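Report on one structure; see the data block that follows.
There are 2 protein chains.
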Amino acid sequence: MEDKLLLLRQHFEEIVSLTDEEWDFVQSHFEYKSLKKHQFLIQVGQPVDFEYWIIKGLVKAYSIDEKGKEHILQFAMEDYWVSDHCAFQHQKPGTIFVDCLEDSEFFCLSLENREKICFEVPAVANFFRIKSNHGYINLQQRILSLLTMTAESRYEYLLNKLPKLIQRVPKKLIASYLGVSRETLSRFNS
Amino acid sequence: MEDKLLLLRQHFEEIVSLTDEEWDFVQSHFEYKSLKKHQFLIQVGQPVDFEYWIIKGLVKAYSIDEKGKEHILQFAMEDYWVSDHCAFQHQKPGTIFVDCLEDSEFFCLSLENREKICFEVPAVANFFRIKSNHGYINLQQRILSLLTMTAESRYEYLLNKLPKLIQRVPKKLIASYLGVSRETLSRFNS
DNA sequence: CTTGAAAAGTGATGTAGGTCACTTTTAGCT
DNA sequence: AGCTAAAAGTGACCTACATCACTTTTCAAG
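Sequence lines, in order, name chains H and E. The first sequence lines up with residues 0 to 189 when you count with numbering that gives the first Met the number 0. The second sequence lines up with residues 0 to 189 when you count with numbering that gives the first Met the number 0.
Here's what the structure looks like:
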């Protein structure tokens, strides 16, 4: 476990500096969790008690429309944060599903604990501020890509940006992330 | 000007508490700017020295594709923050345009000053953290709407969510925000 | 190594929404 | 009030992509 916590510390220290005492305080507010492939981290209608930092593994966050079709909001793997941020922030029931595409391990942070460490250790508030800002920028890029690009160029773009991801995820899920049908995506390569 | 700064303080205090001394310190790091309709706040290729809190007015943030078509990332009005967050954060040249749809006034915050007040006044770091988180949640919603909804229902959704905005913005810009052509949008009402 | 299920590929056909060209309406300036 | 330019509406036609139905390939579990 120490090695895993060290990874988390490194993740924080990529952005802000923490003293050993600060880190001891911070790390004591995380819980550990591990799940097998196909198990759910978050489900629609269930409480969302945590946001999760992924130690290892791969998950998908998605919602299901009236027709039963899956729409993928995010893939998240090692070193990513994932949650139903909306439900988590407002402590409401989940609005999306998050489940594991591979066996996965997480460090879990409750809202109460997050606010505690943010108000106790300013560097942590700055860490989350900067992280959140990066996330915002990424989503803006994705919106632009949905507005400006064809399905095919969105696919090429993703191939370049996250080649590793494509290896680990079935194409039909990539299609659902790009907002295109499985069949259409399949016709792109050829 | 005092009244305008008071508005800004209220904006901060909706989320965090600040002492008078803290506020004095914080407010001294903002600059005031005012622009007429059609003037640019940010331009592609130009330095992005600030992020802007809108005291009054309305702006659009957009990019222009190879075919010269405009794609609107965001409308922002009173009490909103706006910038080219990506360029601002990395101090790179602008990647989008932001211009005024109405005469507008802003408080401007440089990156240096933002980091200064965030590291000096922890409440401010928490303010931006929480704000940024809200922004992230909004963008996620918009991505979901682009993935799951038809152009028509996205329009209806927007009509319900921001009726005031529709009054102030020409429909062709709404179309560009929704990712639909002007002509198609025009056929929805009828 | 086999086998059953999930994933991927493929053809035929349907449709939401785009594009182009033109008309009508609205709104800002002098 | 009168004029110009931008905005909005509309018809005809086009295309990217969806959907459906089916086949082939891949892969994991016994």
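Just so you know, even glycine gets a beta-carbon here, dropped at the ideal spot from N, CA and C. The structure displayed is predicted, hence computed values, not measured ones.
- Residue E:Y31 holds the alpha-carbon nearest to the alpha-carbon of E:C107 among E:L5, E:Y31, E:L4.
- In this structure, E:K36 is the residue among E:K36, E:K163, E:D64 with its C-alpha nearest to the C-alpha of E:V58.
- E:A124 has a beta carbon lying within less than 8 Å of a beta carbon in chain H.
- Under the Cβ criterion of 8 Å, H:P169 is not counted among the residues facing chain E.
- Taking a Cβ-Cβ cut-off of 7 Å, the neighbours of H:H70 in chain E comprise L143, L146, T147, given in sequence order.
- In the structure shown, E:Q139 adopts helical secondary structure according to DSSP, grouped into three states.
- In the DSSP assignment, E:E50 falls outside any alpha helix (DSSP H) and lies within the beta strand (DSSP E) extending over 49-55.
- The shortest C-alpha to C-alpha distance from H:I95 to any of H:L110, H:A60, H:V123, H:I54 is the one to H:A60.
- Within chain H, the residues whose beta carbon sits less than 7 Å from that of E:Y135 are H84, S131, G134, Y135, L138, listed in sequence order.
- H:Q38 is a Cβ neighbour of H:C99, given a cutoff of 8 Å.
- In the same chain as H:F118, and ignoring 5 residues on each side of it, the C-beta atoms closer than 8 Å to its own belong to A124, in chain order.
- Membership of H:H70 in the beta strand (DSSP E) is indicated by the continuous run 69-76.
- Restricting attention to H:D78, H:K66, H:K163, H:H84, the CA atom closest to the CA of H:L72 is found in H:H84.
- Counting along the chain, no beta strand (DSSP E) covers H:L100, and no H or E run does either.
- Between the alpha carbons of H:I53 and H:E77 lies a distance of about 5 Å.
- When Cβ-Cβ separations below 8 Å define contact, E:D78 makes no contact with chain H.
- Within 10 angstroms of the beta-carbon of E:P121 lie 16 or more other beta-carbons, which makes it buried.
- Interface annotation, E:D98: not in contact with chain H, CB-CB separation never under 8 Å.
- Pairing H:F11 with H:N132, the inter-Cα distance amounts to about 15 Å.
- DSSP places E:Y79 outside both helix and strand once states are collapsed to three, so it counts as coil.
- With fewer than 16 other Cβ atoms from the protein chains shown falling within 10 Å of its own Cβ, E:L5 counts as exposed.
- Interface residue (Cβ-Cβ distance to chain H less than 8 Å): E:P46 is not classified as such.
- Put simply, the backbone Cα of E:P169 is about 33 Å away from that of E:H89.
- Using a Cβ-Cβ cut-off of 8 Å, H:G178 counts as an interface residue toward chain E, since at least one Cβ of chain E sits closer than that to its own.
- Within the stretch 87-118 of chain H, the residues whose Cβ lies closer than 8 Å to any Cβ of chain E are, in chain order, Q88, C117, F118.
- Per DSSP, the continuous alpha helix (DSSP H) segment holding H:S152 begins and ends at 150-160.
- Sequence-distant Cβ neighbours of E:Q26 in its own chain, meaning closer than 6 Å and more than five residues away, are L4.
- If you draw a straight line from the Cα of H:V179 to the Cα of E:L7, it is about 43 Å long.
- Just measuring C-alpha positions, the residue of E:S103, E:G56, E:I173 sitting nearest E:L161 is E:I173.
- For H:I14, there is no enclosing beta strand (DSSP E), as DSSP gives it neither H nor E.
- In the DSSP assignment, H:Y31 is bridged to H:F106.
- Chain E has a Cβ within less than 8 Å of the Cβ of H:F127.
- The beta carbon of H:S62 falls within 8 Å of a beta carbon belonging to chain E, placing the residue at that interface.
- No residue range can be given for H:H37, since it is assigned to no alpha helix (DSSP H) and is classified by DSSP as neither H nor E.
- The beta carbons of E:L138 and H:I142 sit closer together than 8 Å.
- Flagged as an interface residue toward chain H: E:P121, by a C-beta distance shorter than 8 Å.
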